[in-house]
Amino acid sequence: MFNALLVEKDEDGKTSAAVTQINDSDLPAGDVTVAVEYSTVNYKDGLCIGPGGGLVRNYPHVPGIDFAGTVEASDDERYKPGDKVVLTGWRVGEAHWGGYAQKARVKADWLVPLPSGLDTRQAMAVGTAGFTAMLAVMALEDHGIKDGPVLVTGAAGGVGSVATAILGNLGHKVAAVTGRPETADYLTGLGATQIVAREELNETTKRPLEAETWGGCVDAVGGEMLARLLGQMTYGASVSAVGLAGGAGLPATVIPFLLRGVNLLGIDSVMQPYDNRLRAWERIAKDLPMDKLDAMVQPAVLSDLPQLGRDILKGQVKGRVVVDVN
Ligand code: NDP
18 MFNALLVEKD EDGKTSAAVT QINDSDLPAG DVTVAVEYST VNYKDGLCIG
68 PGGGLVRNYP HVPGIDFAGT VEASDDERYK PGDKVVLTGW RVGEAHWGGY
118 AQKARVKADW LVPLPSGLDT RQAMAVGTAG FTAMLAVMAL EDHGIKDGPV
168 LVTGAAGGVG SVATAILGNL GHKVAAVTGR PETADYLTGL GATQIVAREE
218 LNETTKRPLE AETWGGCVDA VGGEMLARLL GQMTYGASVS AVGLAGGAGL
268 PATVIPFLLR GVNLLGIDSV MQPYDNRLRA WERIAKDLPM DKLDAMVQPA
318 VLSDLPQLGR DILKGQVKGR VVVDVN
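Every letter in the sequence shown is one number past the one before it in the working numbering, and letter 251, counting from 1, is 268.
What follows is the structure, encoded as structure tokens:
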């Protein structure tokens, strides 16, 4: 028997999550069984611990969209017992049982070997949010980061914190947008050179173009903020669209694309091809300073997850939560 955070749904459709003992035979089919060491809390986890957000197919369900641990058993020649592995994406923790348990059984195709230079705890301090932040920075680099500070929205959240630390470490000026002024010292410590109040950007304007200000952007917020900042990008600059913490709508005009050659780059971490996953993890090990990563981490255990799930949906989690499932 081992511990898992199990989410159940009652006859009225109401979900409840609690730490429960399950056993090996409860685990779904898969080629690799992993003794999970650490998982994390991402925005999607908040949905899957709580109301589901249309992501969870069947109940009872074990959430946890990412995990790191040690292979316990494997029917796939790429992995053998004792190997350290990381999983993000592939709808694990949503359509499939995830990392909020002491064991997980998954497809070998979904795993990557633990990147050298990181331990399992650090890999989950990065987690899906940090991995996605790296993909977003790589996309900006591939399209050219222009003059002017790089804007990071939702900066005190998971994606934003890691993006701020990576961009700062790469020598870019980083303008961190936050709705929590009390996080200013934290963000400056990560590498932000400028703090922008959320209110400055979350109102729509009738002007499709404003002063050319930002040389690139990692956007975790979407909605009206994304629409507004498109008109503030410098000529030819790019925006990596990562998240929808502020809304899924995009009340924008095409003028910034047509008159300033602005690029809007979609970032998906879930179905990302294997080779690019390896590239992103290698870059994380090289370009994310581990002392900055440590400064983002808040430790947690399985029984903390119901509350943390509610907190992240309200935008109240700072940086990254690392869940020690043991
Ligand atoms: P967090 O909750 O940790 O961070 C989101 C941040 O956005 C908050 O901390 C807050 O930052 C800001 N924010 C929250 N609500 C609002 C609002 N109404 N208006 C403006 N800003 C707001 O979540 P994550 O960092 O884990 O994820 C961020 C987003 O990225 C989510 O939408 C998530 O679904 C998405 N995502 C997408 C992935 C992909 O593959 N494309 C992968 C991972 C995440 P502050 O307090 O500093 O203002």
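Every residue gets a Cβ at the ideal spot worked out from N, C-alpha and C, and that includes glycine.
As the structure is a prediction and not an experimental result, all values here were calculated from the model.
*Any heavy atom of the ligand NDP closer than 7 angstroms to the CB of Leu261?*
Numbered from 1 along the sequence shown, position 244 holds the residue referred to as residue 261. Indeed, a heavy atom of the ligand NDP lies less than 7 angstroms from the Cβ.
*Grab me the residues of Val58's own chain with a C-beta within less than 6 angstroms of its C-beta, minus the 5 sequence neighbours each way, in chain order.*
Numbered from 1 along the sequence shown, position 41 holds the residue referred to as residue 58. Cβ neighbours of Val58 beyond the five flanking positions: Leu325, Ile329 and Val338.
*Would the region 42–49 and the region 77–96 be scored as touching if the rule is three or more Cβ pairs under 8 angstroms?*
The region 77–96 and the region 42–49 touch, with three or more beta-carbon pairs separated by less than 8 angstroms.
_Close Cβ partners of Leu187 (< 7 angstroms) along its chain, the five nearest in sequence each way excluded_ = Position 170 of the sequence shown, counting from 1, holds the residue named residue 187. These residues qualify, in order along the chain: Asp304.
*Flag this pair as touching only if the region 158–176 and the region 231–242 have three or more C-beta atom pairs under 8 angstroms; answer yes or no.*
Yes, they touch.
*Give me the Cα-Cα distance between Val340 and Ala21, rounded to the nearest whole angstrom.*
As a working note, residue 340 is residue 323 in the sequence shown. As a working note, residue 21 is residue 4 in the sequence shown. In a straight line, the C-alpha of Val340 is about 12 angstroms away from that of Ala21.
_Ser42 versus Val53: straight-line alpha-carbon distance, rounded_ = On the sequence shown, residue 42 is found 25 positions in, with the first residue counted as 1. On the sequence shown, residue 53 is found 36 positions in, with the first residue counted as 1. Approximately 16 angstroms between the Cα atoms of the pair.
*Inter-residue Cα distance where the pair is Met288 and Pro323*: For the purposes of this step, residue 288 is taken as the residue at position 271 of the sequence shown. For the purposes of this step, residue 323 is taken as the residue at position 306 of the sequence shown. Cα to Cα, Met288 sits roughly 27 angstroms from Pro323.
*asked:* Measuring only the C-alpha atoms, how far is Gly185 from Leu207?
replied: Residue 185 sits at position 168 when you count from the first residue of the sequence shown. Residue 207 sits at position 190 when you count from the first residue of the sequence shown. Near 7 angstroms, if we compare the C-alpha coordinates of Leu207 and Gly185.
*Expressed to the nearest angstrom, what Euclidean distance is found between the alpha-carbon atoms of Ser257 and Met18?*
For the purposes of this step, residue 257 is taken as residue 240 along the sequence shown, with counting starting at 1. For the purposes of this step, residue 18 is taken as residue 1 along the sequence shown, with counting starting at 1. Roughly 43 angstroms between the two C-alpha positions.
_Give me the DSSP bridge partner(s) of Val36._
Position 19 of the sequence shown, counted from the start, is the residue given in the question as residue 36. Leu22.
*Take Val271 as the anchor and find which of Tyr291, Asn343, Arg300 and Leu246 has the nearest alpha-carbon.*
Residue numbering aside, residue 271 sits at position 254 when the sequence shown is read from its first letter. Minimum Cα distance to Val271 is reached at Leu246.
*For Ala112, write down the residues that DSSP places opposite it in a beta bridge.*
Here residue 112 refers to the residue found at position 95 of the sequence shown. None, per the DSSP bridge assignment.
_Tell me which residues share the same chain as Leu56 and place their Cβ nearer than 7 angstroms to its Cβ, disregarding the 5 neighbours each side in the sequence._
Here residue 56 refers to the residue found at position 39 when the sequence shown is read from its first residue. Sequence check: residue 56 is Ser here, not Leu. For Ser56, where only same-chain residues beyond five positions count, the Cβ hits under 7 angstroms are Gly81, Asp83, Phe84, Gly116, Tyr117, Met141, Val340 and Val342.
_When you compare the CB positions of Ile183 and Val143, do they come within less than 8 angstroms of one another, or not?_
As a position in the sequence shown, residue 183 is number 166, starting the count at 1. As a position in the sequence shown, residue 143 is number 126, starting the count at 1. The Cβ atoms of Ile183 and Val143 do not sit closer than 8 angstroms to each other.
*asked:* Assuming contact is defined by CB atoms lying nearer than 8 angstroms, are Gly283 and Ala254 in contact in what I supplied?
replied: As a working note, residue 283 is residue 266 in the sequence shown. As a working note, residue 254 is residue 237 in the sequence shown. Contact flag unset, no.
*Going straight from the alpha carbon of Arg122 to that of Leu295, what length do you get?*
Start at 1 with the first residue of the sequence shown, and residue 122 comes out as number 105. Start at 1 with the first residue of the sequence shown, and residue 295 comes out as number 278. Approximately 21 angstroms, taken between the alpha carbons.
*Minimum C-alpha distance to Pro45 - residue among Pro68, Ser33, Pro77 and Asp29*: Position 28 of the sequence shown holds residue 45. The shortest C-alpha separation from Pro45 is found at Pro77.
*Throw me the rounded Cβ distance for the Asp190 and Thr251 pair, which I believe falls under 8 angstroms.*
Position 173 of the sequence shown holds residue 190. Position 234 of the sequence shown holds residue 251. Note that residue 190 is Lys in the sequence shown here, rather than Asp. Actually they do not touch by this definition, with Cβ atoms about 13 angstroms apart.
*Give a single yes or no on whether Asn219 has its beta carbon closer than 7 angstroms to a heavy atom of the ligand NDP.*
For the purposes of this step, residue 219 is taken as residue 202 along the sequence shown, with counting starting at 1. Placement of the Cβ of Asn219 at a distance of less than 7 angstroms from at least one heavy atom of the ligand NDP is found.
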